Amino acid sequence: MLPNDENDVSQHLAHNQQITQDLLAKDEVVNILLEMSDSSSNDNQSKKPRRPNKERLHEENHERLMADYFNPNCTYNSCDFSRRYQIERHLFLRILEDITSQFPYFLRKPVRYFAASHSKNHT
């Protein structure tokens, strides 16, 4: 009975080894095809020029949003906020506080770039 079990184990190991080798061979073929595809597509296609970034006035829009909904003496009240954003303002602020306390990624960071208008003035 023991030789039979050892034979089964060795056959099983050989089978698993063959499957692993087949998968590795397929993976190599896929990698070769991908490399060929990438190199041929790069040679045949010229890169499209990127469109210039559009000025979105992030800082001004943030200030307007704060003045409209969150600052003292804001333009719109809690009912307006709820109608516009489909959530009560106090609930939104509670969620905001919980998220920013748990995940510093969501804290407001200073802008680290010059806008196009600023860079023209610094030439």
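Residue numbers (UniProt numbering): 1 to 123.
In this text, a Cβ means the ideal position worked out from N, Cα and C, and glycines have one as well.
Nothing here was measured: the structure is a model prediction, and the numbers come from that model.
List the whole-angstrom C-beta distance separating Ser78 from Arg89, where the pair is believed to meet the contact cut-off of C-beta under 8 Å. 5 Å
Assumed close pair Tyr69, Tyr76 - CB separation to whole angstroms, cut-off 8 Å: 6 Å
Phe81 classed as buried or exposed, judged by whether at least 16 other C-beta atoms fall within 10 angstroms: buried
Under 8 Å between the Cβ atoms of Ile99 and Phe106? yes
Helix, strand or coil for His122 per DSSP? Bear in mind that the predicted position of His122 carries a pLDDT of just 45, short of 50, making it too unreliable to give a figure here.
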